[in-house]
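Chains B and C supply the protein sequences, listed in that same order.
Position in the first sequence (first residue = 1) + 16 = our numbering.
Position in the second sequence (first residue = 1) + 1199 = our numbering.
Ideal Cβ placement from N, Cα and C applies to all residues, glycine included.
These numbers were taken from a predicted model, which means no experiment stands behind them.
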Amino acid sequence: MPMNENGEFTPLIVAFCCNWCSYAGADLAGSGRLAYPAEVKIIRVPCSCRVNPTFILRAFQKGADGVILAGCHPGDCHYSTGNYYTRRRMTLLFSMLEYLGIEKERTRVEWISAAEGAKFAATMNDFAAKIHELGECKRLEDLRCK
Amino acid sequence: MQITKTIKKLVSEGKADRVFGWKKGELGFDTEPALFTEDFDSVVYNSLCGANLCKYMINETKKDGTVLLLLKPCDSRGLQLLTKEHRVRREKIYALGVPCRGKIDVDKISDKGIKGMIDIQENGDTLTVVTLYGEQTVPRQDVLYEKCLSCVGKEHVGCDEVLSPELSEDTTVNDRFAGVTALEEKNPEARFAFWRSQLSKCIRCNACRNVCPACSCVKCIFDNPSSGMDSKANADDFEENLYHIIRSFHVCGRCTDCGECSRVCPEKIPLHLLNRKYIKDIHKLYGDGDEAALLTFTKDDAEPSVVYERGEGHA
């Protein structure tokens, strides 16, 4: 289990952020000096619908303990309809992961606009706290991908 | 046999120049898919013809001429899907629907302790199994494939002609989603333990992919050596989970629930439970429209947090 110097568990959290809203929201959180855990690793994607279900699974295979996907609010997609597809896809995928026995708190979708720096920080803090509670995720780990 | 007569008639009328059906298998009583250009008397159709033939049409319709294809009700839904997705050239197929009373799983007969099978004869609702050690009778209903016990329906779709549909019999005894619901009611640990015990049996033979009417991409992620996923993992016993998660997601919204994946699995993994989970969710969240659920959306779809909001043992 990855630990910090104080012997505390440090999870790996992957956040896929849409370029137009949530990534800008993260920027705003940063420039507003709102703290969120350094365990959250942001991957910028052009649109939340760029996130193939394999990306989420590959993150878990490579040892992520939680994966969060953040995109524009439905109706506000830069490409008009991308996040509507994301919404269906991720609902079904997360339902399947839960069905396979992956705790449902380990996956999340949030809609965060470029103006919602505070929401970004709050969401990440909340998500990281959940993952700290749950501990390490070994269930989808794949040694071939490490 | 009425099927042979019909086949000969259709071929002599020029409706087709070859036939895709089943022939006697190596064991004498079993059957296997086969292409016939002559000798139509050797076309076999009985309760042991479990295989779905529609996937063969992808290659078969690339050739010249028209092929007469025998289709059970569940296979006809597969052909409809392949046609919709332009995987087959429908005009090169003459689809002949054949009646179905549920198909017999030879493994289930073996599981009853009956060894040395030579022949299986069908008389109404009982089977007479001729073995090296004498004859035994088995109730037909006991040895049907699992997929037949939760059949979607005996209606043919999109066939050019349906042969004696009145001979089809409803074999459904289980609620289609009973297996999914039973699993959903367990806690995550029990579900994980179940899937781990099942999916770790996977030998990555890719039979489920190769037989699936929905899994017909020309290029497949699981054939790509740089995906790291193209062959069996040798490091751990539970690394084929991604294969099955991705494969079920790829057919999500398009699966016709023909049950072939579970039927062909040499390790008897209940793969239909993955596909049915998606079908169940789609029905619940998006209704059962004709269009593939992931190709469309509405502005007031459920949020992904519906998964999050469901408590333990949601149904």
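Beta-carbon proximity check, residue 1390 of chain C vs residue 116 of chain B, cutoff 9 Å: Numbered from 1 along the second sequence, position 191 holds the residue referred to as residue 1390 of chain C. Numbered from 1 along the first sequence, position 100 holds the residue referred to as residue 116 of chain B. A contact, by the Cβ cut-off of 9 Å.
For the segment 1471-1489 of chain C, which residues have a CB atom closer than 8 Å to at least one CB atom of chain B, in sequence order? 1473, 1476, 1477, 1480, 1481, 1484 and 1485
Taking 9 Å as the CB-CB limit, is residue 95 of chain B close to chain C? Here residue 95 of chain B refers to the residue found at position 79 of the first sequence. Not closer than 9 Å to any Cβ of chain C, the Cβ of residue 95 of chain B fails to qualify, so no.
How would you list, in chain order, the residues of chain B whose beta-carbon sits under 8 Å from the beta-carbon of residue 1448 of chain C? Within the second sequence, residue 1448 of chain C is the residue found at index 249, counting from 1. Result: 69, 108, 109 and 112.
Nearest candidate by alpha-carbon position, reference residue 14 of chain B, set B:89, B:18 and B:84: Residue 14 of chain B lies beyond the stretch modelled for chain B, which goes from 17 to 162, so this question has no answer here.
Which same chain residues, not among the five before or five after residue 1370 of chain C, have their C-beta less than 7 Å away from its C-beta? Position 171 of the second sequence, counted from the start, is the residue given in the question as residue 1370 of chain C. Once the five neighbours on either side are set aside, the close Cβ partners of residue 1370 of chain C are 1300, 1301, 1343, 1347, 1348 and 1350.
Residues, ordered as in the chain, of the segment 1378-1396 of chain C that lie near chain B by beta-carbon distance below 9 Å: 1379, 1382, 1383, 1385, 1386, 1387, 1388, 1389, 1390, 1391, 1392, 1393, 1394 and 1395
Would residue 139 of chain B pass as an interface residue toward chain C - the criterion being a Cβ-Cβ separation below 9 Å? Taking the first sequence and counting its residues from 1, one reaches residue 139 of chain B at position 123. For residue 139 of chain B, the answer is no, since every Cβ of chain C falls outside 9 Å of its Cβ.
Would you mind stating whether residue 1448 of chain C and residue 1485 of chain C have Cβ atoms separated by less than 9 Å? Numbered from 1 along the second sequence, position 249 holds the residue referred to as residue 1448 of chain C. Numbered from 1 along the second sequence, position 286 holds the residue referred to as residue 1485 of chain C. Contact: no.
Does chain C have any CB closer than 9 Å to the CB of residue 156 of chain B? In the first sequence, counting from the first residue as 1, residue 156 of chain B sits at position 140. Chain C contact via Cβ: present.
With a 10 Å radius around its C-beta and 16 neighbouring C-beta atoms as the bar for buried, classify residue 1471 of chain C as buried or exposed. Your numbering for residue 1471 of chain C matches position 272 in the second sequence. With 16 or more Cβ atoms within 10 Å of its Cβ, residue 1471 of chain C is classed as buried.
Kindly indicate which residue of C:1475, C:1492, C:1488 and C:1210 has the alpha-carbon position closest to the one of residue 1377 of chain C. Against the second sequence, residue 1377 of chain C aligns to sequence position 178. When each option's Cα is compared against that of residue 1377 of chain C, the closest is C:1475.
I'd like the span of the beta strand (DSSP E) that includes residue 34 of chain B, first residue to last. Taking the first residue of the first sequence as 1, we reach residue 34 of chain B at position 18. First-last of the beta strand (DSSP E) with residue 34 of chain B: 29-34.
Is there a Cβ from chain B that is less than 9 Å from the Cβ of residue 1411 of chain C? Your numbering for residue 1411 of chain C matches position 212 in the second sequence. With 9 Å as the cut-off, residue 1411 of chain C does not count as an interface residue toward chain B.
Contacts of residue 1451 of chain C in chain B (Cβ-Cβ under 7 Å): Against the second sequence, residue 1451 of chain C aligns to sequence position 252. The contacting residues are 108.
Report yes if the CB atom of residue 1445 of chain C is closer than 9 Å to the CB atom of residue 113 of chain B, and no otherwise. The sequence position of residue 1445 of chain C within the second sequence is 246, counting from 1. The sequence position of residue 113 of chain B within the first sequence is 97, counting from 1. The answer is no: Cβ separation not under 9 Å.
Using a Cβ-Cβ cut-off of 9 Å, state whether residue 1455 of chain C counts as contacting chain B. Here residue 1455 of chain C corresponds to residue number 256 of the second sequence, with the count starting at 1. No, its Cβ sits nowhere closer than 9 Å to a Cβ of chain B.
For residue 1375 of chain C, which residues in the same chain have their Cβ closer than 6 Å to its Cβ, ignoring the five residues on either side in sequence? Locating residue 1375 of chain C in the second sequence gives position 176, where the first residue counts as 1. If we look at residue 1375 of chain C and ignore the five residues flanking it on each side, its Cβ neighbours are 1349.
According to DSSP, is residue 1500 of chain C helix, strand or coil? For the purposes of this step, residue 1500 of chain C is taken as residue 301 along the second sequence, with counting starting at 1. Correct three-state label for residue 1500 of chain C: coil.
Spatial neighbours of residue 1409 of chain C within its chain, please: CB distance less than 7 Å, with the 5 preceding and 5 following residues excluded, ordered by chain position. Taking the first residue of the second sequence as position 1, residue 1409 of chain C is located at position 210. So no residue of the chain qualifies.
Exposed unless 16 or more other CB atoms sit within 10 angstroms - verdict on residue 1431 of chain C: Taking the second sequence and counting its residues from 1, one reaches residue 1431 of chain C at position 232. It is exposed - the Cβ of residue 1431 of chain C has fewer than 16 other Cβ atoms within 10 Å.
When the Cα atoms are used, what is the spatial distance from residue 1402 of chain C to residue 1211 of chain C? Position 203 of the second sequence, counted from the start, is the residue given in the question as residue 1402 of chain C. Position 12 of the second sequence, counted from the start, is the residue given in the question as residue 1211 of chain C. Their backbone Cα atoms lie some 45 Å apart in a straight line.
Using the Cα positions of residue 1467 of chain C and residue 1277 of chain C, report the straight-line distance between them to the nearest angstrom. Mapped onto the second sequence, residue 1467 of chain C falls at position 268. Mapped onto the second sequence, residue 1277 of chain C falls at position 78. Approximately 22 Å, taken between the alpha carbons.
Where residue 1241 of chain C falls, given that 16 or more other Cβ within 10 Å makes a residue buried: Within the second sequence, residue 1241 of chain C is the residue found at index 42, counting from 1. Counting Cβ neighbours within 10 Å, residue 1241 of chain C comes out exposed, since fewer than 16 surround it.
Got a sec? Which residues, its chain only, sit under 6 Å from residue 125 of chain B by beta carbon, not counting five neighbours each side? Along the first sequence, read from residue 1 onward, the residue named residue 125 of chain B stands at position 109. Excluding positions up to five away in sequence, the list reads 85 and 106.
Unbroken beta strand (DSSP E) run spanning residue 1204 of chain C, endpoints: Within the second sequence, the letter at position 5 stands for residue 1204 of chain C. Run containing residue 1204 of chain C: none in the beta strand (DSSP E); it sits in the alpha helix (DSSP H), 1201-1211.
Cα separation between residue 1308 of chain C and residue 1323 of chain C? Along the second sequence, one-based indexing puts residue 1308 of chain C at 109. Along the second sequence, one-based indexing puts residue 1323 of chain C at 124. So the alpha carbons of these two residues sit roughly 17 Å apart.
Where the alpha helix (DSSP H) through residue 104 of chain B begins and ends: In the first sequence, residue 104 of chain B corresponds to position 88, counting from 1. Looking at the DSSP string, the run of the alpha helix (DSSP H) that includes residue 104 of chain B is 98-115.
Would you mind giving the Cβ-Cβ distance between residue 103 of chain B and residue 1496 of chain C, rounded to the nearest angstrom? I have them listed as a contact below 8 Å. Your numbering for residue 103 of chain B matches position 87 in the first sequence. Your numbering for residue 1496 of chain C matches position 297 in the second sequence. Yes, they are in contact, since the Cβ atoms of residue 103 of chain B and residue 1496 of chain C sit about 7 Å apart, within 8 Å.
Could you tell me which residues DSSP pairs with residue 1322 of chain C in its beta bridges? Counting from 1 along the second sequence, the entry for residue 1322 of chain C is found at position 123. Looking at the DSSP assignment, residue 1322 of chain C forms a beta bridge with C:1325.
I want to know whether the segment 132-149 of chain B touches the segment 42-49 of chain B - three or more CB-CB distances under 8 Å. yes
Run down chain C in chain order and give the residues with a C-beta less than 7 Å from the C-beta of residue 151 of chain B. On the first sequence, position 135 is the one that residue 151 of chain B refers to. Per Cβ cutoff of 7 Å: no residues; residue 151 of chain B is ~13 Å from chain C at best.
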